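The structure appears below as structure tokens.
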Amino acid sequence: MTSVKPPSVKDTSHDVKDLSLADEGRRRTEWAEGFMPVLRQIRQRFAAERPLDGRKLSACLHVTTETANLAITLQAGGADVALCASNPLSTQDDVAAHLVQDHGIKVFAIKGEDHEAYYSHIRACLAHGPEITMDDGADLVGAMHMIALERLDDLELPVRKWVETLSADERKHLLANVIGSTEETTTGVIRLRAMAEERVLQFPVIAVNDSQTKHFFDNRYGTGQSTLDGILRATNILMAGTTVVVCGYGWCGRGFALRARGAGADVIVTEVDPLRALEARMDGYRVMPIAQAAAVGDVFVTLTGNTHVVSVDHMRLMKDGAIIANSGHFNVELALDGLAKVAAGPKRVREFVEEWVLDGKRIYVLGEGRLINLAAAEGHPASVMDMSFANQALAAEHLARHAGTFSKAVHRVPDEIDRDVARLKLAALGVEIDRLTDEQEQYLASWDEGT
Ligand SMILES: NC(=O)c1ccc[n+]([C@@H]2O[C@H](COP(=O)([O-])OP(=O)(O)OC[C@H]3O[C@@H](n4cnc5c(N)ncnc54)[C@H](O)[C@@H]3O)[C@@H](O)[C@H]2O)c1
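Per our numbering, the very first residue in the sequence shown carries number 2; after that it's consecutive.
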């Protein structure tokens with residue numbers, strides 16, 4: 002398949018901070034690889050079978066050591082990979098350099114890139130002419146659909162300017178080329194389901210987030226641990242005795258609440274879903290509305306996927322010195338736009354910590370409200386991303402092997418893939434489990450045996 006017109010970024014094959022960082026990126030990527038046995042096995046099979054042979058694949062993911070291992074696996078399967086960041090602050094520049102220098106992967110990502118650079122990198126991944134896209138937050142798919150629906154005004158300027166240079170045929174080709182997409186995170190899946198519901202989704206998407214070997218582990222244990230890690234690295238506060246308010250008790254919130262409690266914090270949960278709120282209460286946390294929690298918390302962390310969960314009115318109720326952070330996909334969870342209008346600041350007091358003064362009280366915002374586990378720490382540990390990215394690699398293979406057979410909808414990762422990933426992970430951990438006996442199988446399939 003052909004690519005559409007190249008973007009006018011300074012070098013169409015990559016845009017990274019500094020290629021001389023490649024050695025460090027290679028060392029760290031190899032370290033992560035040591036904790037990714039499932040992905041390693043898939044890589045070996047991909048190298049032998051080449052299920053993605055010649056397929057152009059564009060990925061918009063956090064550019065970390067784990068993503069590097071995924072990109073190398075996809076390349077081993079024959080894919081021609083382009084990669085951009087799914088968040089302006091989450092790129093590890095050494096890793097980006099390693100992928101370009103040692104693997105020839107087309108990486109467009111620089112940590113701290115501004116809005117214009119972020120979207121010109123998305124544009125570069127679109128211009129790659131992908132047949133498969135991989136998103137973490139649906140930015141690539143979203144932009145492609147704005148193009149397809151001719152909603153050019155809704156495109157960010159760097160993408161829009163490029164699209165305007167394309168002919169109608171080239172625009173059509175951009176979308177017609179795509180056999181399918183995969184989505185990594187809850188927020189992306191929510192957006193895609195909304196598109197399917199409105200019947201505007203133009204190609205099949207596999208919701209990798211929804212596989213059990215992804216969200217049960219990655220969202221809960223990965224986000225749980227790394228969110229705590231990000232907050233500690235940013236602030237070096239003592240968790241013991243600190244009152245931590247966890248907004249949202251979904252997969253990520255449960256994980257973070259568990260780890261914060263483990264570190265000695267007094268945890269309060271806020272929720273809008275009665276079932277989740279009840280679960281949090283029975284798990285032993287205090288549960289209350291954010292407007293009440295605002296006055297008692299020391300640290301506030303949003304993990305909801307929703308907008309303005311912590312509003313300016315809530316911030317006004319907070320104690321002097323309150324710390325606020327977000328670990329949900331977008332920084333809109335905190336009303337930072339509103340804060341900037343009414344508070345004095347920001348004053349950078351530490352790397353990743355900005356002080357605002359609101360009504361004479363100090364509020365510390367971590368990592369500009371971006372996912373704190375990626376902004377101030379290194380994101381999820383490799384061992385848990387092993388499963389998420391095994392799902393990604395296998396989902397891409399599934400799309401390639403069955404191209405043209407899927408409906409334009411959001412699909413689940415097939416159960417066999419989920420179970421295979423769990424089996425491989427257990428084997429790598431050296432954990433054995435029981436098997437059903439014939440008698441047990443028969444018992445479970447019958448209805449006529451009573452007490
Ligand atoms: N930081 C990371 O690395 C990382 C990793 C995975 C997912 N995420 C993101 O984290 C967010 C949460 O993901 P999840 O898998 O836990 O989703 P989830 O759907 O399991 O949980 C979200 C919870 O937030 C609750 N909620 C919604 N609005 C709320 C409000 N106003 N106040 C309090 N609670 C509210 C919902 O009821 C739900 O229980 C998403 O944006 C997801 O994309 C981040």
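Glycine residues also receive a C-beta, built at the ideal position from the N, C-alpha and C atoms.
Everything numeric in this text was worked out from a predicted model, so none of it was measured.
- Taking all protein chains shown into account, H63 has 16 or more neighbouring C-beta atoms within 10 Å of its C-beta and is therefore buried.
- In the DSSP assignment, I148 falls within the alpha helix (DSSP H) that extends over 140 to 149.
- F353 has no beta-bridge partner at all, per DSSP.
- Cα atoms of R161 and A128: separation of roughly 12 Å, rounded to the nearest angstrom.
- DSSP assignment within the region 26 to 114 yields the following whole alpha helix (DSSP H) runs of 4 residues or more, N-terminal first: 38 to 50, 66 to 77, 94 to 104.
- Boundaries of the beta strand (DSSP E) around V268: 267 to 271.
- Comparing C-alpha distances from P38 to each of S384, T406, D439 shows the shortest one belongs to S384.
- The DSSP-derived three-state label of T224 is helix.
- At least one heavy atom of ligand 1 lies closer than 7 Å to the C-beta of V273.
- DSSP places R200 in the coil class of the three-state scheme, outside both helix and strand.
- Counting only runs that start and end inside the region 243 to 308, the alpha helix (DSSP H) elements of at least 4 residues fall at 252 to 263, 275 to 283, 291 to 297.
- By a beta-carbon distance limit of 8 Å, Y365 does not contact E352. Their separation comes to about 13 Å.
- With a cutoff of 7 Å, C126 does not count as near ligand 1, since its C-beta is closer than that to no heavy atom of the ligand.
- By the C-beta density criterion, P290 is exposed, having fewer than 16 other C-beta atoms within 10 angstroms.
- Taking every protein chain shown into account, the CB of E450 has fewer than 16 other CB atoms within 10 angstroms, so this residue is exposed.
- The Cβ-Cβ distance between E398 and L53 falls below 8 Å.
- Within its own chain, the residues whose Cβ lies closer than 7 Å to the Cβ of G138, once the five positions on either side in sequence are excluded, are S87, T186, T188, G189, H330, listed in chain order.
- Within 10 angstroms of the beta-carbon of D219 lie 16 or more other beta-carbons, which makes it buried.
- Contact between the region 420 to 440 and the region 194 to 211 is not established, with fewer than three Cβ pairs separated by less than 8 Å.
- S447: not part of any alpha helix (DSSP H); DSSP gives it neither H nor E.
- Around the beta carbon of T65, a 10 Å sphere encloses 16 or more other beta carbons of the protein chains shown; the residue is thus reported as buried.
- The alpha carbon of V302 has as its nearest neighbour, out of C253, V246, G263, L158, the alpha carbon of V246.
- Taking 7 Å as the cut-off, one finds no heavy atom of ligand 1 near enough to the beta carbon of N332.
- Nearest Cα to V108 within the set E334, E117, A69, T134: A69.
- Distances from the CA of G380 to each of F204, A394, S227 were compared; the closest alpha carbon is that of S227.
- The criterion of a C-beta distance shorter than 8 Å is not satisfied by V414 and M388.
- The beta carbons of R234 and A326 sit no closer together than 8 Å.
- Among the bridge pairs identified by DSSP, Y365 is matched with I324, E356.
- Per the DSSP secondary-structure output, L335 pairs in a beta bridge with V311.
- The shortest CA-to-CA distance from Q393 to any of R192, I207, R420, H122 is the one to I207.
- The C-beta separation of A60 from L84 comes to about 5 Å, placing the pair in contact by the 8 Å criterion.
- Just so you know, the alpha carbons of Q293 and S312 end up roughly 13 Å apart.
- A distance below 7 Å between beta-carbons, with the five flanking residues on each side excluded, links M316 to the following residues of its chain, in chain order: L340, L359, I364.
- Restricting attention to V201, R124, H146, L193, the CA atom closest to the CA of T166 is found in R124.
- Bounds of the alpha helix (DSSP H) holding A177 are 169 to 177.
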